[in-house]
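Sequential numbering of the sequence shown, starting at 23, is according to our numbering.
Down below is the structure, laid out as structure tokens.
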Amino acid sequence: MSLTPSVRRPAVVAALCAVALALTGLTAAAPSPERVAAHPYQDPSLPVADRVDDLLARMTQADKLGQMTQIEKDALAAQSDLAAYRIGSVLSGGDSTVSPNNAQTWADTYDSLQRTALGTPLGIPMIYGIDAVHGHNAVRGATIFPHNIGLGATRDPALVQRIGRAVAEEMAGTGIDWDFAPCLCVARNDRWGRTYESFGEKPELPTAMATFVTGMQGATLGADPASVLATAKHYLGDGGTTGGVDQGNTELSEAELRSIHLPPFQEAVKRGVGSVMLSYSSWNGVRSHAHKYLVTDVLKRELGFSGFVVSDWAAVDQLDGQTGFTGAEIATAVNAGVDMVMVPHDYRKFLTLLRGEVDAGRISAARIDDANRRILTKKFELGLFERPLTDRSYTSTVGSAEHRALARQAVRASQVLLKNEGGVLPLAKNAKLFVAGKSADDIGNQSGGWTLGWQGRSGPVTEGTTVLQGIRAAATDPSRVTYDRYGNGVDGSYAAAVAVVGETPYAEMRGDRPGAMGLDQEDLGTLARLKASGVPVVVVLVSGRPLDIAAQLPDWKALLAAWLPGTEGNGVSDVLFGDHAPTGRLPVTWMRSASQQPVNDGDGKTPLFPYGHGLTYEERPAPDPDPTPEPGDKACTAQFKAGSSWSGGYQAEVTVKNTGTGPLTGWSVGWDLGGSTITNLWNGSLTVAQGRATVRNSSFNGTLAPGATASFGFTANGTAGTPAPGCAGT
Ligand code: BGC
Ligand code: BGC
Numbered sequence: 023m024s025l026t027p028s029v030r031r032p033a034v035v036a037a038l039c040a041v042a043l044a045l046t047g048l049t050a051a052a053p054s055p056e057r058v059a060a061h062p063y064q065d066p067s068l069p070v071a072d073r074v075d076d077l078l079a080r081m082t083q084a085d086k087l088g089q090m091t092q093i094e095k096d097a098l099a100a101q102s103d104l105a106a107y108r109i110g111s112v113l114s115g116g117d118s119t120v121s122p123n124n125a126q127t128w129a130d131t132y133d134s135l136q137r138t139a140l141g142t143p144l145g146i147p148m149i150y151g152i153d154a155v156h157g158h159n160a161v162r163g164a165t166i167f168p169h170n171i172g173l174g175a176t177r178d179p180a181l182v183q184r185i186g187r188a189v190a191e192e193m194a195g196t197g198i199d200w201d202f203a204p205c206l207c208v209a210r211n212d213r214w215g216r217t218y219e220s221f222g223e224k225p226e227l228p229t230a231m232a233t234f235v236t237g238m239q240g241a242t243l244g245a246d247p248a249s250v251l252a253t254a255k256h257y258l259g260d261g262g263t264t265g266g267v268d269q270g271n272t273e274l275s276e277a278e279l280r281s282i283h284l285p286p287f288q289e290a291v292k293r294g295v296g297s298v299m300l301s302y303s304s305w306n307g308v309r310s311h312a313h314k315y316l317v318t319d320v321l322k323r324e325l326g327f328s329g330f331v332v333s334d335w336a337a338v339d340q341l342d343g344q345t346g347f348t349g350a351e352i353a354t355a356v357n358a359g360v361d362m363v364m365v366p367h368d369y370r371k372f373l374t375l376l377r378g379e380v381d382a383g384r385i386s387a388a389r390i391d392d393a394n395r396r397i398l399t400k401k402f403e404l405g406l407f408e409r410p411l412t413d414r415s416y417t418s419t420v421g422s423a424e425h426r427a428l429a430r431q432a433v434r435a436s437q438v439l440l441k442n443e444g445g446v447l448p449l450a451k452n453a454k455l456f457v458a459g460k461s462a463d464d465i466g467n468q469s470g471g472w473t474l475g476w477q478g479r480s481g482p483v484t485e486g487t488t489v490l491q492g493i494r495a496a497a498t499d500p501s502r503v504t505y506d507r508y509g510n511g512v513d514g515s516y517a518a519a520v521a522v523v524g525e526t527p528y529a530e531m532r533g534d535r536p537g538a539m540g541l542d543q544e545d546l547g548t549l550a551r552l553k554a555s556g557v558p559v560v561v562v563l564v565s566g567r568p569l570d571i572a573a574q575l576p577d578w579k580a581l582l583a584a585w586l587p588g589t590e591g592n593g594v595s596d597v598l599f600g601d602h603a604p605t606g607r608l609p610v611t612w613m614r615s616a617s618q619q620p621v622n623d624g625d626g627k628t629p630l631f632p633y634g635h636g637l638t639y640e641e642r643p644a645p646d647p648d649p650t651p652e653p654g655d656k657a658c659t660a661q662f663k664a665g666s667s668w669s670g671g672y673q674a675e676v677t678v679k680n681t682g683t684g685p686l687t688g689w690s691v692g693w694d695l696g697g698s699t700i701t702n703l704w705n706g707s708l709t710v711a712q713g714r715a716t717v718r719n720s721s722f723n724g725t726l727a728p729g730a731t732a733s734f735g736f737t738a739n740g741t742a743g744t745p746a747p748g749c750a751g752t
């Protein structure tokens, strides 16, 4: 392992300095050239494997069992227990927090715990884990990125890798070494309350987005000062349970399990993911945590996973269906291949039982050594022995402008335009607009679960920009934007009404929807008020999954799936106003009705919108610094009109109009083909690239006086949809 001089945590020689540090409260000891390694394991110039061997040979049984123990920070009866019980890892569960909640306090808390952990004879640092599943989401003021379902819609693995890096930097700024992310679940039933944690329903999407692992860890673990250990979770088949039941039973043949759920883990292992978390769920009735074949034979041997396996929260003590640990449960899990147990509370009982199983020979010493080797290897690789404390130089990256700009970009790229009748979108920035809906002005709703709390909640939970704030900021005159949550006061004077509606925050266990999957009464009431005004309604759907909206869709001119965008709501308005054309594609199949669930690409069912669907429109040209038309300004519009259609095909006509003040000598019109193919085109010349058609004028119809029109027509295979072509004049 190589050490960078710019260390992530101030260098100390743990064993020598730990006690002194604990006593003096020293925070930073600069890397000193004269520091000496008393033992080989303390020598960073030695290969990691040698350091592990040396350390292992010095460890007592208590040291080893402690390394396999992970506890919730708030479970510590006394902080000194961390050292007394030789506990190897601490986590913050979804509702674990610090007060006041800011990056500083998190870093202080981390350092204080780490100093305690270092106060053992061998000075082995603890490793601290947290669920930073869409940004460092426990920390107030952190950048909250779109949940994975939105990132899946971007189809942009490089962007996801950059997000991984940004999250790692924010985590490093609070000291935290280990992220329980990414969820590489393949969500096959939208009833599942964790559907939004999935990048998409087809294995290739989560597989492609395993770039998050590389973003977070770096090319090699610990080579970079902000490198954080990633977790591929939840192994295996969490998104495949019957009925989409959280923690349920995945009933599949081995061939199906392997082809649908295994590929993302294979990719994560290739990328060197440091840890894998097991799933609460079962495969054909056997819990993952008890599944030696899946964990040891497939993951560790066949895929060659060399990191460590962590159990899920209290999952081991659920194995016998009753709460409370038994020795038998612990032996089953450890022998199946669990290396570290997320206890997370009763560490005394857990350690007593674990020791009992080892002493009775039901868990072998070799298995304990293997688990320790795996855990310690990652601690060494991360550089924890050299840099156990927070590198405060990263603390200012928490919620930084740079990270928020990246999140805004991700929000834009994740928007999926599902309907745009008559080209109602993009909205004009000077239009008189009405905005409504319970999620228009609510950071909590737009962030969803796992945001400042396990289940998330509505309201101003953290700093950010709501969708409404984004709309107001983009409008030429914010006073032309009227907002009422319930849609009261809307009338026919508005150019459009934007309704931001959908789901309120939820997470695992509480988020399953076994019954109806439609909008709630409040949303339906708001939408009815908007519809009654006769103004075109644009719906922005904030939700963790597709909803059952087929009955309302005819009332809406446009539908934009915004997923759970996080704190940067201006990424949504960027698309609404056409500063950025929508490019997102559905990462999941959109049900025609809840009764279709599960509905997935290729299953022969006819959905409302297929997997991969997503419309677009021309971006608005950059705003003219001087908006008054000048003689000679070139401008045109294109009006798409579907003509006759037949089974499998249609005919359409497009009218081009010179809307500028001077003559045009040529024009070009572009639109998204939405899967159709043009078979014959007249009065223009066609080029097709990346699913988009571009038509240029013919020699005879390019010259247009101001106000004059020309048209072209075509026949095509497929369905016409509602394209909104853009026009450029020369
Ligand atoms: C979840 C995991 C999470 C863990 C720690 C569990 O309930 O299933 O995804 O990492 O808690 O918060
Ligand atoms: C914790 C979560 C955990 C969940 C599981 C919650 O209290 O905060 O982290 O995933 O319990 O039951």
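The beta carbon of each residue, even a glycine, is placed where N, CA and C say it ideally should be.
**Message:** Three or more C-beta pairs under 8 Å: does that hold for the stretch 241-259 against the stretch 562-569?
**Reply:** In short, these stretches do not touch, since the Cβ pair count stays below three.
**Asked** Cα separation between Thr488 and Gly697?
**Response** Counting from 1 along the sequence shown, the entry for residue 488 is found at position 466. Counting from 1 along the sequence shown, the entry for residue 697 is found at position 675. Looking at the two C-alpha atoms, the distance is approximately 34 Å.
**Asked** What are the boundary residues of the beta strand (DSSP E) that Glu680 is part of?
**Response** Position 658 of the sequence shown, counting from 1, holds the residue named residue 680. The sequence as given places Asn at residue 680; Glu does not occur at that position. Gly671 to Asn680 is the span of the beta strand (DSSP E), which, as asked, contains Asn680.
**Asked** His256 by DSSP, collapsed to three states: which one?
**Response** As a first step, residue 256 must be located in the sequence shown, where it is residue number 234. Strand at His256.
**Message:** For Ala423 and Gly163, what's the separation of their Cα atoms in angstroms?
**Reply:** Here residue 423 corresponds to residue number 401 of the sequence shown, with the count starting at 1. Here residue 163 corresponds to residue number 141 of the sequence shown, with the count starting at 1. Between the alpha carbons of Ala423 and Gly163 lies a gap of roughly 11 Å.
**Prompt:** Among Ser415, Leu581, Gly197 and Leu181, which one has its Cα closest to the Cα of His635?
**Reply:** Here the question's residue 635 lines up with position 613 in the sequence shown. Relative to His635, the option among Ser415, Leu581, Gly197 and Leu181 whose CA is nearest is Leu581.
**Message:** Using DSSP's beta-bridge definition, name the partner residues of Phe662.
**Reply:** For this step, residue 662 is matched to residue 640 along the sequence shown. As a beta-bridge residue in DSSP terms, Phe662 pairs with Val676.
**Prompt:** Nearest-angstrom Cα distance between Asn592 and Ala554?
**Reply:** Along the sequence shown, one-based indexing puts residue 592 at 570. Along the sequence shown, one-based indexing puts residue 554 at 532. Rounded to the nearest angstrom, the two C-alpha atoms are 28 Å apart.
**Asked** Skipping 5 residues on each side, what residues in its chain have a beta carbon closer than 6 Å to that of Thr236?
**Response** Against the sequence shown, residue 236 aligns to sequence position 214. For Thr236, same chain residues with a beta-carbon under 6 Å away, outside a window of 5 residues either side, are Gln183 and Arg293 in chain order.
**Request:** Taking only the alpha-carbon atoms, compute the straight-line gap between Gly751 and Val155 and give it to the nearest angstrom.
**Result:** In the sequence shown, residue 751 corresponds to position 729, counting from 1. In the sequence shown, residue 155 corresponds to position 133, counting from 1. Gly751 and Val155 have their C-alpha atoms spaced approximately 46 Å apart.
**Prompt:** Just curious, the alpha helix (DSSP H) that Ile93 is in, first and last residue?
**Reply:** Here residue 93 refers to the residue found at position 71 of the sequence shown. Careful: Ile93 lies outside any alpha helix (DSSP H), inside the beta strand (DSSP E) at Thr91 to Glu94.
**Message:** Which complete alpha helix (DSSP H) runs does the stretch 158-191 hold, if anything under 4 residues is left out?
**Reply:** As far as the stretch 158-191 is concerned, its whole alpha helix (DSSP H) runs of at least 4 residues are 170-176.
**Request:** Below 7 Å CB to CB, which residues in the same chain sit around Ala572 once its five sequence neighbours on both sides are set aside?
**Result:** Your numbering for residue 572 matches position 550 in the sequence shown. Excluding five sequence positions before and after Ala572, the CB atoms of its chain that fall closer than 7 Å to its own CB belong to Arg614, Ser615 and Leu630, given in chain order.
**Asked** Is the closest heavy atom of ligand 1 to the C-beta of Phe202 under 6 Å?
**Response** Locating residue 202 in the sequence shown gives position 180, counting from the first residue. Yes, since a heavy atom of ligand 1 falls inside the 6 Å radius drawn around the Cβ of Phe202.
**Asked** Around the Cβ of Arg323, are there at least 16 other Cβ atoms within 10 angstroms (buried) or fewer (exposed)?
**Response** What you label residue 323 is simply residue 301 of the sequence shown in a count that begins at 1. That one is exposed.
**Request:** Look up Lys441 in the DSSP assignment and give the residues it is bridged to.
**Result:** Taking the first residue of the sequence shown as position 1, residue 441 is located at position 419. DSSP lists Leu581 as the bridge partner or partners of Lys441.
**Request:** Check Asp694 in the structure and name its three-state DSSP category.
**Result:** By 1-based counting over the sequence shown, the position of residue 694 is 672. Three-state result, Asp694: strand.
**Asked** Fully enclosed by the stretch 521-588, which alpha helix (DSSP H) runs are 4 residues long or longer?
**Response** Runs of the alpha helix (DSSP H) inside the stretch 521-588: 543-554.
**Residues of its chain near Asp268, where Cβ-Cβ distance is below 7 Å and the 5 sequence neighbours each way are ignored** = In the sequence shown, residue 268 corresponds to position 246, counting from 1. Answer for Asp268: Trp214, Gly215, Arg216, Glu530, Met531 and Asp534, listed in chain order.
**Message:** Are the CB atoms of Thr138 and Gln101 within a distance shorter than 7 Å?
**Reply:** As a position in the sequence shown, residue 101 is number 79, starting the count at 1. As a position in the sequence shown, residue 138 is number 116, starting the count at 1. Taking C-beta atoms as the reference points, Gln101 and Thr138 count as a pair closer than 7 Å.
**Asked** Does at least one heavy atom of ligand 1 sit under 6 Å from the Cβ of Gly116?
**Response** Reading the sequence shown from its first residue, position 94 is the one you call residue 116. Flag set: Cβ of Gly116 near ligand 1.
**Item:** Distance between beta carbons of Trp693 and Pro632, contact taken as under 8 Å
**Value:** One-based indexing of the sequence shown puts residue 632 at position 610. One-based indexing of the sequence shown puts residue 693 at position 671. In this structure Pro632 is not in contact with Trp693, their Cβ atoms being roughly 19 Å apart against a cut-off of 8 Å.
**Asked** In this structure, what does DSSP give as the bridge partners for Phe734?
**Response** Numbered from 1 along the sequence shown, position 712 holds the residue referred to as residue 734. DSSP lists Val676 as the bridge partner or partners of Phe734.
**Asked** Would the beta-carbon of Ser425 fall within 7 Å of that of Thr165?
**Response** Residue 425 sits at position 403 when you count from the first residue of the sequence shown. Residue 165 sits at position 143 when you count from the first residue of the sequence shown. Going by the sequence as given, residue 425 is His instead of Ser. His425 places its beta carbon less than 7 Å from that of Thr165.
**Request:** Starting from the C-beta of Arg187, find all residues in its chain whose C-beta is less than 6 Å away, skip the five residues before and the five after it, and write them out in chain order.
**Result:** Working through the sequence shown from its first residue, we reach residue 187 at position 165. Gly237.
**Asked** Taking 6 Å as the line, does the beta carbon of Met704 fall inside it for any heavy atom of ligand 1?
**Response** Looking up residue 704 in the sequence shown gives position 682. Reading off the sequence, residue 704 comes out as Trp, not Met. Result no, Cβ not under 6 Å from ligand 1.
**Message:** Looking at the secondary structure, which residues open and close the alpha helix (DSSP H) in which Tyr132 lies?
**Reply:** As a position in the sequence shown, residue 132 is number 110, starting the count at 1. Per DSSP, Tyr132 belongs to the alpha helix (DSSP H) from Ala125 to Ala139.
**Prompt:** How would you label Phe722, buried or exposed, when you count the other beta carbons within 10 angstroms and need 16 or more for buried?
**Reply:** Residue numbering aside, residue 722 sits at position 700 when the sequence shown is read from its first letter. Of the residues assessed, Phe722 falls on the exposed side of the cut-off, its CB having fewer than 16 other CB atoms within 10 angstroms.
**Asked** Between Asp65 and the rest of its own chain, which residues show a CB-CB distance below 8 Å, the 5 nearest in sequence each way excluded?
**Response** Walking along the sequence shown from the start, residue 65 turns up at place 43. In chain order, Ala59 and Arg73 place their CB closer than 8 Å to the CB of Asp65, counting only its own chain and leaving out the 5 sequence neighbours on each side.
**Request:** Using only the heavy atoms of ligand 1, determine whether one of them is closer than 6 Å to the beta carbon of Trp128.
**Result:** Translated into positions along the sequence shown, residue 128 becomes position 106. Distances between the C-beta of Trp128 and the heavy atoms of ligand 1 are all 6 Å or more.
**Message:** Here's the rule I'm using: 16 or more other beta-carbon atoms within 10 Å means buried, otherwise exposed. How should Pro558 be labelled?
**Reply:** The residue you call residue 558 lines up with position 536 of the sequence shown. With 16 or more Cβ atoms within 10 Å of its Cβ, Pro558 is classed as buried.
**Message:** Between Ser303 and chain C, is the shortest Cβ-Cβ distance under 7 Å, so that the two count as touching?
**Reply:** No chain C is part of this structure, which consists of one protein chain only.
**Message:** Excluding the 5 residues flanking Thr687 on each side, which residues of the same chain have their C-beta closer than 7 Å to its C-beta?
**Reply:** As a working note, residue 687 is residue 665 in the sequence shown. Residues Gly724, Thr725 and Thr752 of the same chain have their beta carbon placed closer than 7 Å to that of Thr687, with the five preceding and five following residues left out of the count.
**Item:** Ser332 - containing beta strand (DSSP E), residue span
**Value:** Mapped onto the sequence shown, residue 332 falls at position 310. The question names Ser, but residue 332 is Val in the sequence shown. For Val332, the enclosing beta strand (DSSP E) stretches over residues Phe330 to Val332.
**Asked** Which residues in the same chain have their Cβ closer than 7 Å to the Cβ of Gly713, if we skip the five residues on either side of it in sequence?
**Response** In the sequence shown, residue 713 corresponds to position 691, counting from 1. These residues qualify, in order along the chain: Asp694 and Leu695.
**Prompt:** Just to confirm, does Trp335 get its C-beta within under 6 Å of one of the non-hydrogen atoms of ligand 1?
**Reply:** One-based indexing of the sequence shown puts residue 335 at position 313. Taking 6 Å as the cut-off, the C-beta of Trp335 counts as close to a heavy atom of ligand 1.
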